[in-house]
Amino acid sequence: MRTEADSAPDPVAGAEHGLAVRVAAVRERIDIAWHAAGRDPGLAPTLIAVTKFHPASLVTALLGLGITDMGESRHQEARAKAAAIEAAGGPQPRWHFVGSLQTNKARQLAAYASVLHSVDRIELVEALRERDPALDCFLQVNLSDDPDRGGVAPAGIEPLAERIAAAPGLRLLGIMAIAPLGEEPASAFDRLAGYAQRLQRVAPEAVAISAGMSHDFEAAIAAGATHLRIGTAITGNRPVPG
Ligand SMILES: *Cc1c(COP(=O)(O)O)cnc(C)c1O
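Per this note's numbering, the sequence shown runs over residues 3 to 244.
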């Protein structure tokens, strides 16, 4: 006999279906923007799904959809989630830490994170300079006038890049930024492209650009982004942080 429960949609399957649809839509938008920007068709950007405030089960579902890179912005939460995924066995993501990081948490972070996107001061470089093996990182530049937003001021790019380049424990991949509020992302990312050139004069290998979030990744792709940090467009709305 059929019961009410038989015909009710399975909430878990329904959620995973929604996730699969959003992942496919984001991938398609990336492809279109990449092509429209005339970027090298033989290359593709690294898609980092930002899973902050979401449970480890979402990370597992994303791994099942072929997403291998996850972004987190709070150390305690990221560490717990990485431990849960590791304990469950199976495929492991590469963890990208994209938030601001306290200097005294740097060593703990290096135990689970593959890439640190937010190196914005010399103290952080010093805390990680002996790290072995070297940790991949980005220099974060502040595109706003507000010094409280993360990132080094543009005038500080070269001195900080020199310190990173001289630290054996860090491997500088490139530059990272968040588009400021109240400005067209395209104009902010244009400035970022100029800062990326400045960084490369100090560190020629550091050619990557980490930029682009749910609402501005097309503009970031047009400006040369190689690493996209996309949250809500993939995950849906974030739960209220606990
Ligand atoms: C949360 C976050 C993202 C993702 O933001 P969405 O708008 O949800 O795509 C990207 N980068 C950083 C640094 C973040 O903190």
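We treat Cβ as the ideally placed atom computed from N, Cα and C, and that holds for glycine.
- When the alpha-carbon of N239 is set against those of H37, K54, A22 and I32, the nearest one is in K54.
- In this structure, L65 sits away from P43, with a CB-CB distance that is not shorter than 8 angstroms.
- Around the beta-carbon of Q142, 16 or more other beta-carbon atoms lie within 10 Å, marking it buried.
- Across the set E186, I87, L118 and Q199, the C-alpha of I87 shows the shortest separation from the C-alpha of T62.
- In this structure, L49 sits away from L21, with a CB-CB distance that is not shorter than 8 angstroms.
- At a threshold of 7 angstroms, K54 counts as near ligand 1, since its beta carbon sits closer than that to one of the ligand's heavy atoms.
- In this structure, the straight-line span from the alpha carbon of G233 to that of F219 is close to 11 angstroms.
- Ligand 1 approaches A235 closely enough that one of its heavy atoms is under 7 angstroms from the residue's Cβ.
- Counted as a single uninterrupted DSSP element, the stretch harbouring S59 is not any beta strand (DSSP E) but the alpha helix (DSSP H) occupying residues A58 to G66.
- Look at L194 here: in three-state DSSP terms it is helix.
- Separation of A35 and A157 (C-alpha to C-alpha, rounded to the nearest whole angstrom) is 31 angstroms.
- Under DSSP, R173 shares a beta bridge with D138.
- Check the Cα spacing between R203 and each of A168, R123 and E160: the tightest is with E160.
- In the structure shown, the three-state DSSP call for F55 is coil.
- The C-beta distance from H98 to G73 rounds to 5 angstroms, short enough to fall under 8 angstroms.
- Here DSSP, grouped into helix, strand and coil, assigns D147 to coil.
- The beta carbon of I223 sits no closer than 7 angstroms to any heavy atom of ligand 1.
- Put simply, of S59, R131 and N144 the residue whose alpha carbon is nearest the alpha carbon of R109 is R131.
- Closest in alpha carbon position to A26, among I223, T237 and Q78, is T237.
- For A39 and R31, the gap between their C-alpha atoms comes out near 12 angstroms.
- A straight line joining the alpha-carbon of M215 with that of P170 spans about 30 angstroms.
- Taken from the Cβ of G184, every heavy atom of ligand 1 lies 7 angstroms or farther away.
- When the alpha-carbon of L111 is set against those of H37, A85 and V242, the nearest one is in A85.
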